[in-house]
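Trainee:
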Amino acid sequence: MGKNIFFIQFFIVLLSSCNLFQPSNVFDSGKLRGKYRIDISPALRKAMNEGEKDDELEGLGVALAAWVMSSVDMEMNFYDNQKGVIYLDGGLVNFANAFADKDIKTTEFEYKVENDSILYFKFKGGLAETSDYQKWAIVRKFSDSYDYIQLVIVENGKESAIFNLRKIAE
Numbered sequence: 040m041g042k043n044i045f046f047i048q049f050f051i052v053l054l055s056s057c058n059l060f061q062p063s064n065v066f067d068s069g070k071l072r073g074k075y076r077i078d079i080s081p082a083l084r085k086a087m088n089e090g091e092k093d094d095e096l097e098g099l100g101v102a103l104a105a106w107v108m109s110s111v112d113m114e115m116n117f118y119d120n121q122k123g124v125i126y127l128d129g130g131l132v133n134f135a136n137a138f139a140d141k142d143i144k145t146t147e148f149e150y151k152v153e154n155d156s157i158l159y160f161k162f163k164g165g166l167a168e169t170s171d172y173q174k175w176a177i178v179r180k181f182s183d184s185y186d187y188i189q190l191v192i193v194e195n196g197k198e199s200a201i202f203n204l205r206k207i208a209e
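This is the structure:
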């Protein structure tokens, strides 16, 4: 009888240490592969709300900038080899691209995910160029299918912007 109780206790400890009863929140960067449409409306909404707190002229400037940015289409592609591309399109981007020295519509990047959800980018060309990996966002997944994810940009320990990504192609 004493051996049976010992084995039952050992089995319970083993199961609880393996976290079999808790859902896994580990981010699998291999499942990130695909083309995503970026919804910047949460970032625009935050900018609009912050602009309302300040003086009227500054609020108008923030509202105008948000209106212009709402016409920009953004896509992010993640590939198998830990590389990807950010593509920008729309009237404002086309106008700026016409006067830029280099193409600003397409930005290549390399990425890695550390600590289950912290996304690091190394940008090449386009709007940004970095020589090493920079901490860029915390990735929130809503399901194991990775059809909808959220990138939370954190600066100085505070949430500065949120981008919602919806997978549109594998």
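Counting along the sequence shown from 1, when you hit position 161 you're at 200 in our numbering, and nothing is skipped either side. Each residue gets a CB set at the ideal place from its N, CA and C atoms; glycine is no exception. Everything numeric in this text was worked out from a predicted model, so none of it was measured.
1. Would you kindly check if the distance between the Cβ of D67 and the Cβ of F202 is under 8 Å?
2. According to DSSP, simplified to helix, strand and coil, what is S182?
3. Can you tell me whether DSSP reads A208 as helix, strand or coil?
4. Quick one: using the 10 Å Cβ neighbour count with 16 as the cut-off for buried, is K161 buried or exposed?
5. Can you list, in chain order, the residues of its chain with a C-beta nearer than 6 Å to that of M186? Leave out the 5 residues immediately preceding and following it.
6. Closer than 6 Å by C-beta to V107: which residues in its own chain qualify, once you throw out the five before and the five after it? Chain order, please.
7. Hey, how far is the Cα of L158 from the Cα of I192?
8. Kindly indicate the opening and closing residues of the alpha helix (DSSP H) around G130.
9. By the DSSP assignment, the beta strand (DSSP E) with D112 in it spans what residues?
10. Using a Cβ distance threshold of 8 Å, determine whether the stretch 134–142 contacts the stretch 111–119, with at least three qualifying pairs required.
11. Could you give the DSSP three-state label for R72: helix, strand or coil?
Mentor: The short version:
1. Counting from one through the sequence shown, the residue named residue 202 turns up at place 163. Counting from one through the sequence shown, the residue named residue 67 turns up at place 28. Result no, Cβ atoms of F202 and D67 do not sit closer than 8 Å.
2. Taking the sequence shown and counting its residues from 1, one reaches residue 182 at position 143. Note: S182 maps to coil in three-state DSSP.
3. Residue mapping note: residue 208 aligns to position 169 of the sequence shown, counting from 1. In this structure, A208 counts as strand in the three-state DSSP scheme.
4. In the sequence shown, residue 161 corresponds to position 122, counting from 1. With 16 or more other Cβ atoms within 10 Å, it is buried.
5. What you label residue 186 is simply residue 147 of the sequence shown in a count that begins at 1. For clarity, residue 186 is Asp in the given sequence; the question names Met instead. K206, listed in sequence order.
6. Position 68 of the sequence shown, counting from 1, holds the residue named residue 107. Excluding sequence neighbours, V107 sits near L131.
7. Walking along the sequence shown from the start, residue 158 turns up at place 119. Walking along the sequence shown from the start, residue 192 turns up at place 153. The alpha-carbon atoms of L158 and I192 are separated by roughly 10 Å.
8. Within the sequence shown, the letter at position 91 stands for residue 130. That run of the alpha helix (DSSP H) goes G130 to F138.
9. Here residue 112 corresponds to residue number 73 of the sequence shown, with the count starting at 1. If you look at D112, you'll find it in the beta strand (DSSP E) that goes D112 to F117.
10. no
11. The sequence position of residue 72 within the sequence shown is 33, counting from 1. Coil at R72, not helix or strand.
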